[in-house]
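Protein chains: 2
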Amino acid sequence: MDTDRAYEWADLLKAFAHPTRLQILDELRRGTRCVTDMEEILPVTQVNISQHLTVLRNAKLVDFAQDGALRCYYLSRPKLAEGILGMLEADFPIIRKAKEQIDREKERARKEQVASRG
Amino acid sequence: MDTDRAYEWADLLKAFAHPTRLQILDELRRGTRCVTDMEEILPVTQVNISQHLTVLRNAKLVDFAQDGALRCYYLSRPKLAEGILGMLEADFPIIRKAKEQIDREKERARKEQVASRG
DNA sequence: ATGCGATATAAGAACATTCTAATATTCCAT
DNA sequence: ATGGAATATTAGAATGTTCTTATATCGCAT
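Heads up: the protein sequence lines correspond to chains A and B, in order.
First residue of the first sequence? That's 77 in this note's numbering, and the numbers climb one at a time after it.
First residue of the second sequence? That's 77 in this note's numbering, and the numbers climb one at a time after it.
And the structure:
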């Protein structure tokens, strides 16, 4: 992974990595919402929601369509947002490896490499 | 999504959301690595790598097995790490919706709800 | 027990993010 | 044109993260 890509991806993940923003994205999974809708659901001020929406907008995770004074926000990369939220919802067991197991894995990898060289 | 879960998940994503840490995780996808291995690959100091490994360890994303003076680090939730890195590697098109489309979606959702009520 | 290689920890400065309070903009109805 | 509802912007304080420098610990060989 080159460094530029690492920075780019870290920036994208930073946009996800805030409780309020995760809750906004989760809410938008259910459909389009305007800021007032979110105010009713989230325990934070209107100003703060607006600020988080700006972060999400800059990350190209959400966008809006104007409807009079309302702004109808929606997920602009729904598969990406759903994918990440999905990973969080799934639970992955935490594994441990003993030194011996790691040695065996290394040995196996070595053999495969030798085999592929001829 | 309840607030506790949102905080917990945001913390997990924060552990991912740093360029050096993403590079470490990516490297560990290829197999067990010790700190010196990473020093050769990443453009940062040993101390800094150690610090990032501590963050990853606290997030239960990596763990190590001691081998003499070496610490062999590995992914402790490989499917999770691979899943997230995989999402980043995939590219998702950025969509836009016009107000009219949103109206149609809302209308459709309304009808479905009426239908499901009987 | 001493020294060396590998890795970790501590303290603080530098930097970035988040929140709060005040205010601004925009759109619509009157 | 004025007022009110919806949303955004600004500035700064509060807080959190990251990096740097110095130092510590651990395991091994001598």
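Using N, Cα and C, we set each Cβ at its ideal position, and we do this for glycine too.
Predicted, not measured: the structure shown is a model, and the values here were computed from it.
| Closer than 7 Å to chain A by CB, S152(B) | Translated into the one-based positions of the second sequence, residue 152(B) becomes position 76. Interface residue, yes.
| field | N- and C-terminal bounds of the alpha helix (DSSP H) containing D167(B) | value | Here residue 167(B) corresponds to residue number 91 of the second sequence, with the count starting at 1. It is not in any alpha helix (DSSP H) - D167(B) carries neither H nor E in the DSSP assignment.
| Quick one: is A82(A) buried, meaning 16 or more other Cβ sit within 10 Å of its Cβ, or exposed? | Against the first sequence, residue 82(A) aligns to sequence position 6. A82(A) comes out buried.
| request: Would you kindly work out how many angstroms separate the C-alpha atoms of R133(B) and E165(B), rounded to a whole number? | output: Position 57 of the second sequence, counted from the start, is the residue given in the question as residue 133(B). Position 89 of the second sequence, counted from the start, is the residue given in the question as residue 165(B). The alpha-carbon atoms of R133(B) and E165(B) are separated by roughly 23 Å.
| Counterpart residues of Q142(A) in DSSP-defined beta bridges | Mapped onto the first sequence, residue 142(A) falls at position 66. The partner list for Q142(A) (beta bridge, DSSP) reads R147(A).
| Residue environment, S152(A), which counts as buried when at least 16 other CB atoms sit within 10 Å | Here residue 152(A) corresponds to residue number 76 of the first sequence, with the count starting at 1. Only buried fits S152(A), as 16 or more other CB atoms lie within 10 angstroms of its CB.
| field | Test: A82(B) CB closer than 7 Å to a CB of chain A | value | Locating residue 82(B) in the second sequence gives position 6, counting from the first residue. Yes - at least one Cβ of chain A is within 7 Å of the one on A82(B).
| Across which residues does DSSP place R109(A) in a beta bridge pair? | Here residue 109(A) is taken as the residue at index 33 of the first sequence, counted from 1. The bridge partners DSSP lists for R109(A) are Y149(A).
| field | From E103(A), W85(A) and Q177(A), residue whose alpha carbon lies closest to that of V138(A) | value | Locating residue 138(A) in the first sequence gives position 62, where the first residue counts as 1. Looking at the Cα atoms, E103(A) is the closest of the given residues.
| DSSP-derived helix/strand/coil call for V131(B) | Taking the second sequence and counting its residues from 1, one reaches residue 131(B) at position 55. In the three-state reduction of the DSSP assignment, V131(B) falls in the helix class.
| In the structure shown, what three-state DSSP assignment does A86(A) receive? | Here residue 86(A) is taken as the residue at index 10 of the first sequence, counted from 1. In the three-state reduction of the DSSP assignment, A86(A) falls in the helix class, which pools H, G and I.
| Within 7 Å (strictly less), CB to CB, does K187(A) reach chain B? | In the first sequence, residue 187(A) corresponds to position 111, counting from 1. No, K187(A) does not count as interfacial toward chain B.
| query | Under 7 Å between the Cβ atoms of A86(B) and P95(A)? | reply | Indexing the second sequence from 1 puts residue 86(B) at position 10. Indexing the first sequence from 1 puts residue 95(A) at position 19. When the beta-carbon positions are compared, A86(B) and P95(A) come within less than 7 Å of each other.
| request: Could you check which residue in Y150(B), E116(B), G144(B) and Q177(B) has the C-alpha nearest to that of L196(B)? | output: Any answer about residue 196(B) is impossible in this case: the structure gives chain B only from 77 up to 194.
| request: Using a cut-off of 9 Å between C-beta atoms, extract the partners of I171(A) located in chain B. | output: Residue numbering aside, residue 171(A) sits at position 95 when the first sequence is read from its first letter. Taking a Cβ-Cβ cut-off of 9 Å, the neighbours of I171(A) in chain B comprise D139, Y150, L151, S152, R153 and P154, given in sequence order.
| field | Distance between Q189(A) and V111(B) (C-alpha atoms, nearest Å) | value | The residue labelled residue 111(B) in the question sits at position 35 within the second sequence. The residue labelled residue 189(A) in the question sits at position 113 within the first sequence. Roughly 23 Å separates the two Cα atoms.
| request: Compute the beta-carbon to beta-carbon distance between A135(A) and A91(A), rounded to the nearest angstrom, for a pair I have assumed lies under 8 Å. | output: Translated into the one-based positions of the first sequence, residue 135(A) becomes position 59. Translated into the one-based positions of the first sequence, residue 91(A) becomes position 15. With 8 Å as the limit, A135(A) and A91(A) qualify as a contact, their Cβ atoms being about 3 Å apart.
| request: For R147(A), I'd like the list of residues in its chain whose CB is within less than 7 Å of its CB, leaving aside the five on either flank, ordered along the chain. | output: By one-based count along the first sequence, residue 147(A) stands at place 71. In the same chain as R147(A), and ignoring 5 residues on each side of it, the C-beta atoms closer than 7 Å to its own belong to C110, V111 and F140, in chain order.
| Is the Cβ-Cβ distance between L115(B) and Q122(B) less than 7 Å? | Walking along the second sequence from the start, residue 115(B) turns up at place 39. Walking along the second sequence from the start, residue 122(B) turns up at place 46. Residue identity check: residue 115(B) is Glu in the sequence provided, not Leu. Contact: yes.
| Is the CB of Q122(A) under 7 Å away from at least one CB in chain B? | Position 46 of the first sequence, counted from the first residue, corresponds to residue 122(A). No - not a single Cβ of chain B is within 7 Å of the one on Q122(A).
| task | Could you tell me how far apart the beta carbons of L201(A) and L161(A) are, in whole angstroms, since I believe they sit closer than 8 Å? | result | The structure shown does not extend to residue 201(A), since chain A is modelled only from 77 through 194, so no value can be given for it.
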